[in-house]
Amino acid sequence: MSEVLETPVQAKKEAQEFEPKIVAFLCKWCSSAGSDLAGVSRLQYPPNAVPIQVMCSGSVSPLYILSAFNKGADGVLVSGCHPGDCHYLKGNFFARRRIYLVQKLLKFIGLEPDRFRMSWVSAAEGTKYAQVVADFVKDIKALGPQRKLKARN
Amino acid sequence: MVAIEDIRSRAKELLEGGMVRAVLGFRRSSAGLLAEPTFVVASEDVASLVWDATCVHNLALYLVNEKKRQKAERTPDTRPLAIIAKGCDSRAINVLLQENHVAREEVVILGVSCEGGGVVDTRKLADALRGKEAASAVCDDTGKVKVATASGEVTFPAADVLADRCLECTIAYPSVSDTMFGEKVDERGFTARFAAVKSIAAMSEQERSAFWDGHFERCIRCYACRAVCPMCYCDECVVDSTSFIVSPMTTAEEKANRIRWIQRSTTPADNAMYHMVRAMHLAGRCIDCAECERVCPVNIPLRLLNTSLEQEALEMFEYTPGMDPAQPSLISSFRDDDPNDFIR
Ligand code: SF4
Ligand code: SF4
Ligand code: FES
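Chains as they are written, first to last, in this note's numbering: chain A, 1 to 153; chain B, 1001 to 1344.
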């Protein structure tokens, strides 16, 4: 269907200029502060990631992740405090298990595993955050747009 | 072999003694091969109970539905309900116990071991019989299934006609029961566990993607798979905006503002969303009764989605659902040495 709607010219344009949309769920206490640090340190990194601040990586429901893909994200990042550093002590351990399962499930239905990523970024790791996003953008550019879960409207 | 007379006499005892309000079991159906679920309330009706390879349904579903029905009753009979449970049914009951959806004293579990057999898959059976109609199906002790047809009895190897889940089943006996019928059999010698999932996982990414796209695009969102699932007991379901509870007090604004996480449209992407959400909601809860797959009118191999997570849970987290009602659930627990190397 979508192939029919796209003219060859449009398709070519898309391939040339594909800028991935990434939704990044960042926990308030570490990763979000880490991304702020990347900003105030004036680090150069791709602007593709839309940050969404959540209270804890453990509060990210699999539904958020799936919904982000459904609403058009090409990649989803969930980032939290390093193990042992979670503000709520255990949230990121719960997240780790849950996200592992989401990743395996998406892989099982044939969604490229590189589209979904988790990272530990502390408030002091501005450079790491910039690196995580830069790597992610590079990997997704190689994959092209995500269509499997994206609602067509 | 499990003798049906033993089950009947126990059921009779329970009913005559007034210890249970009903016995939930199987009886012959008036249409088709499969036995149908029945609530036996009068002790003289226990003779209608049957037990063979056509007792396919997961009766735990009726436990859940009965609970809903009872909640609406003005003067409910609070005596426990007796339920005949295969290995898989009993694991489902265990999950319901674990989640405090059902209390242990609400049920009397008559566990029945499948021993060296299991239940039939009607699609496989129809293929094997090539147009002939089966009148009955019984597993014998040697891993064979005897099927009666109008033109005589045919015997098939279990692999040809038993449900995939039974061929892969390693715990074919009840994990919880008050009375157990039959023996625990550990060596069943059919297919290796997770064989079906592994064959899909072995495909290339493109093949797997195309495989699932081809299935998801056919889904008509009848929600039969959800309706038949004993674990899908929520009154409001996130995948279905028509299930959102509306009372006379609900304002138009509240209705309009309900988040519709997933659309009900049957586009391939929304169907995939539905199945992803459902699989996640069943992670660590699905006990592989494969009822979803059986009831799907368009033959989507739904069991694979749930068993793939069951395999991950077992291999990475050493978690088997439905074995112990006291264990913390898969996703509300963690271990320090859970996999971490996938995280950047
Ligand atoms: S899955 Fe196992 S316990 Fe359930 S019916 Fe089949 S053999 Fe019996
Ligand atoms: S039973 Fe089949 S067609 Fe119906 S909603 Fe489930 S997967 Fe879709
Ligand atoms: S607060 Fe950062 S992961 Fe929990």
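C-beta: ideal position from N, C-alpha, C; glycine also.
Pairing residue 115(A) with residue 1263(B), the inter-Cα distance amounts to about 22 angstroms. Taken in chain order, the unbroken stretches of beta strand (DSSP E) that lie wholly in the segment 46 to 107 of chain A and span 3 residues or more are 49 to 54, 75 to 80. Look at residue 1119(B) here: in three-state DSSP terms it is coil, with no helix or strand label. Linking residue 80(A) to residue 24(A) through their CA atoms gives a straight-line distance of about 11 angstroms.
Of the candidates 1044(B), 1058(B), 1018(B), 1021(B), 1058(B) places its Cα closest to the Cα of residue 1037(B). Counting C-beta pairs with one atom in each stretch, the segment 1076 to 1094 of chain B and the segment 1016 to 1036 of chain B have three or more that are closer than 8 angstroms, which means they touch.
Cβ proximity to chain B below 9 angstroms picks out 102, 103, 104, 105, 106, 107, 108, 109, 110, 111, 112, 113, 117, 118, 119, 120 from the segment 102 to 120 of chain A. Taking C-beta atoms as the reference points, residue 1261(B) and residue 149(A) fail to come closer than 8 angstroms.
Partner residues in the beta bridge of residue 117(A), as assigned by DSSP, are 77(A).
Partner residues in the beta bridge of residue 1179(B), as assigned by DSSP, are 1110(B). Taking one beta carbon from each stretch, the segment 1268 to 1281 of chain B and the segment 55 to 71 of chain A have 3 or more pairs nearer than 8 angstroms; the two touch. In the three-state reduction of the DSSP assignment, residue 1170(B) falls in the coil class.
Within the segment 118 to 138 of chain A, contact with chain B at the beta-carbon level (separation under 7 angstroms) is assigned to 118, 119, 120, 132. Boundaries of the alpha helix (DSSP H) around residue 127(A): 126 to 143. In the DSSP assignment, residue 1046(B) falls outside any beta strand (DSSP E), carrying neither H nor E.
Distance from the Cα of residue 121(A) is smallest, within the candidate group 108(A), 145(A), 92(A), for 92(A). At a threshold of 7 angstroms, residue 1165(B) counts as near ligand 1, since its beta carbon sits closer than that to one of the ligand's heavy atoms. Sixteen is the threshold: since fewer than 16 other Cβ atoms of the shown chains lie within 10 Å of the Cβ of residue 144(A), the residue is exposed. Per DSSP, reduced to three states, the secondary structure at residue 1080(B) is coil, with no helix or strand assignment. When C-beta atoms of the segment 1278 to 1293 of chain B are compared with those of the segment 1306 to 1319 of chain B, three or more pairs fall below 8 angstroms, so the two segments count as touching. Across the set 1128(B), 1142(B), 1168(B), the C-alpha of 1128(B) shows the shortest separation from the C-alpha of residue 1149(B). Checking the 7 angstroms criterion, the Cβ of residue 1220(B) is within range of a heavy atom belonging to ligand 2. A buried status is given to residue 1050(B), since no fewer than 16 other beta-carbon atoms sit within 10 Å of its beta-carbon.
Straight-line measurement puts the Cα of residue 96(A) at about 34 angstroms from the Cα of residue 1256(B).
Only buried fits residue 1052(B), as 16 or more other CB atoms lie within 10 angstroms of its CB. Looking at the backbone, the Cα of residue 1071(B) and that of residue 1065(B) are separated by about 10 angstroms. At least 8 angstroms separates the CB of residue 1266(B) from every CB of chain A.
Under the 8 angstroms criterion on CB atoms, residue 1321(B) is classed as non-interfacial with respect to chain A. The three-state secondary structure of residue 1152(B), taken from DSSP, is strand.
Around the CB of residue 1068(B), fewer than 16 other CB atoms lie within 10 Å, so the residue is classed as exposed. Against chain B, the CB of residue 66(A) has a partner CB under 8 angstroms away; the residue lies at that interface. Considering only 1225(B), 1248(B), 1323(B), 1117(B), the residue with the shortest C-alpha distance to residue 1061(B) is 1225(B).
Straight through space, the alpha carbons of residue 1173(B) and residue 1028(B) are spaced by roughly 23 angstroms. DSSP places residue 1195(B) in the uninterrupted alpha helix (DSSP H) bounded by 1195 to 1201. At least one heavy atom of ligand 3 lies closer than 7 angstroms to the C-beta of residue 91(A). If you check the CB distance, residue 1234(B) and residue 1292(B) do not come in under 8 angstroms.
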